[in-house]
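Chemist: Below you will find the structure I want to go over with you.
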Amino acid sequence: MAAEGAVEDTQRRPTAAGDGCTATRLERVLTSPQVRSGYASLLVQLAALIVLSLLTVRGPRTGRPLALVIDIGTGDAVDSEDGRGSAAAAHPAEAAGAEAPAADIAVVTAPATEAAAVVEQPLVEPSAEAGLPTANAGLVQPVAHRPGAPAAPGAAIEGDPFAARRRFGAGRGTGAGNGAAGASPASDAAVERGLAWLARHQATDGSWRFDLADCRCDGACRAPGTLSSTTASTGLALLPFLGAGHTHTAGPYQETVARGIYYLLSRERTTPRGSDFCEGTMYGQGVTTLALAEALGMTGDALLERPVGGAIRFIETSQDLHGGGWRYLPGQAGDITVTAWQLVALKSCQLAGQEAPSPTIAGIRRFLDSVQSRGGSAYGYRTPAAKPATSAIGLLCRVYTGWPRDDRRLRDGLDGLVRTGPDPQAIYTNFYLSQALLQTDHPGWPRWNARHRDQLVALQGRAGHEAGSWWFTDAETAPGGRLAHTALAVLTLEVYYRLLPIYSEDAVRRGF
Ligand SMILES: [Zn+2]
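Residue numbers (this note's numbering): 117 to 628.
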């Protein structure tokens, strides 16, 4: 593994890209399920207040019971969440990188039916927390329905896959309101410090660099990376912002994210085989595609549709047609880390409303078969020689390519990985393993998570320019340096709300 490389991961979100593109922003806001359910909720609350006041004023006087009949028709509340991966770094000479994102949606809820009003509140308020300017509230509205989703009134409909990400500020990962328990107040605070460090280390041109060049750091932080792909580093640094709900159209880091996305777009090379964002490594392609797809999914910004479509095309045409994987250069026989990045990127694109070619996904399954051992519960880098990091990546890839969560091979593999307990320095393994455990609702997750989460928080830099960042002794991700480690650590601490539950009803229905 030493030769391998970097790590990565991301998550996905679903979205319905198309909706947001033609409608005006105002239309999107007004037609957003969240806003509609918010209006319905407001009306019900107002009506209830009126009735209560009547009861207070008149009830005792007349002694007559007042009927409480509130007809709100069918309000749909929606909610969902998605996950994505992040990126990683690769070894300059050899390789590395990996990543995994995630998946899908959570469905929803409650049409009001009976005469007496019972209305479910949206699980996530339109824009709730501190730090998010009220004026941004409308911009945060998600794209509405995903392609192919049922939208019958009153039926379960798709909601905002990124809803859980939008709760800016502390507490969003603790289960309050979004069901994504597992974070702690301390881990939420660590995420905020990590994002602040990343924002401070953005280069003047809007990119991020593994070597921390051209930013305000000027050598103040130790352990810069050595990788040179600026698309990989910029995409990787953007993912933690997106994972926490910050986009180029909303949130306290709006400008930071916008500059990063525009930098990525400036690096596009249009080719007959699609949009090339590699900068020398397919890591760059996967990570950039993932970041742009997440931004598209979260905002519906039509500006991103063409580049994302072109990036998918490039991934598709760069696959090793024989083995089914990807490595550094287009067409090379694959390794599991680079392949995982492309898979996560494709999943994210799908959730953003862009089609992922099924022969490409079939090829990924073929590649996974070629590097598995122990009947599919362990995975190697380019061969079946398994290690913890590659096994964690492989198992997560199996989740994303259709294995059911109770699959014995999946469970056996995760049982083995969780048994040894989290190695606090193994950020690469832990990044993937946390996603796989959470996605499969593994019985060992609560205990493993509590230990790992607190270890991560304790390892965050506290002093000087390094405050808010991370550096691990993990050899696999060393070439990515402090930037990659910080991005991966933040993404790992965002796992509670960044990932869309892949086994949700809608996600399972959509498959790949
Ligand atoms: Zn610094």
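The C-beta atom is built at its ideal place from N, Cα and C for all residues, glycine as well. Note that the coordinates shown come from a computational prediction; the quantities given were computed from them, not determined experimentally.
Within the same chain, show all residues whose beta-carbon is closer than 7 Å to that of A336, passing over the 5 residues directly before and after it, in chain order.
Modeler: Cβ neighbours of A336 beyond the five flanking positions: G580 and H581.
Chemist: Have a look at C513 and A456 and give me their C-alpha separation to the nearest angstrom.
Modeler: Taking the straight line from one Cα to the other gives about 6 Å.
Chemist: Please find out if some non-hydrogen atom of ligand 1 comes closer than 7 Å to the beta-carbon of L328.
Modeler: At least one heavy atom of ligand 1 is nearer than 7 Å to the Cβ of L328, so yes.
Chemist: In three-state terms, what does DSSP make of D392?
Modeler: Residue state, collapsed to three classes: strand.
Chemist: Within 10 Å of its beta-carbon, does P504 have 16 or more other beta-carbons around it, so buried, or fewer, so exposed?
Modeler: Answer is buried; the Cβ neighbour count reaches 16.
Chemist: Closer than 5 Å between the C-beta and any heavy atom of ligand 1: which residues qualify, listed along the chain?
Modeler: In chain order, the hits are C333, A336, C337 and H581.
Chemist: So within the segment 472–531, which uninterrupted alpha helix (DSSP H) runs reach at least 4 residues, ignoring any that extend past its ends?
Modeler: The segment 472–531 contains these whole alpha helix (DSSP H) runs: 474–487 and 504–516.
Chemist: Could you give the first and the last residue of the continuous beta strand (DSSP E) run that contains T387?
Modeler: Unbroken beta strand (DSSP E) run through T387: R385 to T387.
Chemist: Out of F628, Y612 and G627, which has the shortest C-alpha to C-alpha gap to P301?
Modeler: Out of F628, Y612 and G627, Y612 has the C-alpha closest to the C-alpha of P301.
Chemist: In three-state terms, what does DSSP make of W442?
Modeler: Correct three-state label for W442: strand.
Chemist: Under a Cβ-count criterion, where at least 16 other Cβ atoms within 10 Å of its own Cβ denotes burial, should L328 be classed as buried or exposed?
Modeler: Per the 10 Å Cβ criterion, buried.
Chemist: Spatial neighbours of C394 within its chain, please: C-beta separation below 6 Å, excluding the five flanking residues on both sides.
Modeler: For C394, where only same-chain residues beyond five positions count, the Cβ hits under 6 Å are G400 and Q401.
Chemist: So, I377 versus L408, is the Cβ gap smaller than 8 Å?
Modeler: In this structure, L408 lies closer than 8 Å to I377 by Cβ.
Chemist: What does the alpha-carbon distance come out to for the pair W519 and G492?
Modeler: Looking at the two C-alpha atoms, the distance is approximately 11 Å.
Chemist: Look up D436 in the DSSP assignment and say whether it is helix, strand or coil.
Modeler: Coil.
Chemist: Of all the options V515, D436 and T536, which has the alpha carbon lying nearest to the alpha carbon of R527?
Modeler: The shortest C-alpha separation from R527 is found at V515.
Chemist: With a Cβ-Cβ cutoff of 8 Å, do T404 and Y444 count as a contact?
Modeler: It is not a contact, given that the beta carbons lie outside the stated cut-off.
Chemist: Could you give the distance in angstroms between the alpha-carbon of Q488 and the alpha-carbon of R567?
Modeler: Distance between the alpha carbons of Q488 and R567 is about 29 Å.
Chemist: Whose C-beta lies closer than 7 Å to the C-beta of T556 among residues of the same chain, with five residues either side of it excluded?
Modeler: If we look at T556 and ignore the five residues flanking it on each side, its Cβ neighbours are V515, R521, L526 and L530.
Chemist: Is D334 helix, strand or coil when you go by DSSP?
Modeler: Looking at D334 - three-state DSSP - the assignment turns out to be coil, as it is neither helix nor strand.
Chemist: Judging by CA-CA distance, which residue of T589, L609, R598 and P538 is the nearest neighbour of V573?
Modeler: Closest by alpha carbon: L609.
Chemist: For G537, which of D330, F588 and G560 has the nearest alpha-carbon?
Modeler: Minimum Cα distance to G537 is reached at G560.
Chemist: Can you tell me whether D334 is buried or exposed, with buried defined as 16 or more other CB within 10 angstroms of its CB?
Modeler: Classification of D334: exposed, given that the 10 Å Cβ count is below 16.
Chemist: What does the Cβ neighbour count give for R325, buried or exposed, with the cut at 16 atoms within 10 Å?
Modeler: Classification for R325: buried.
Chemist: Using DSSP's beta-bridge definition, name the partner residues of D451.
Modeler: Its beta-bridge partners are W442.
Chemist: Measuring CB to CB, does A411 end up less than 8 Å from H364?
Modeler: Their beta carbons are under 8 Å apart, which means A411 touches H364 by this criterion.
Chemist: Within its chain, find whatever has a CB closer than 6 Å to the CB of L354; leave out the 5 residues flanking it on each side and keep chain order.
Modeler: These residues qualify, in order along the chain: G376 and A407.
Chemist: For E96, count neighbouring C-beta atoms within 10 Å of its own C-beta (all shown protein chains included) and say buried if the count is 16 or more, exposed if not.
Modeler: Outside the displayed range of the chain (117 to 628) lies residue 96, so it cannot be described from this structure.
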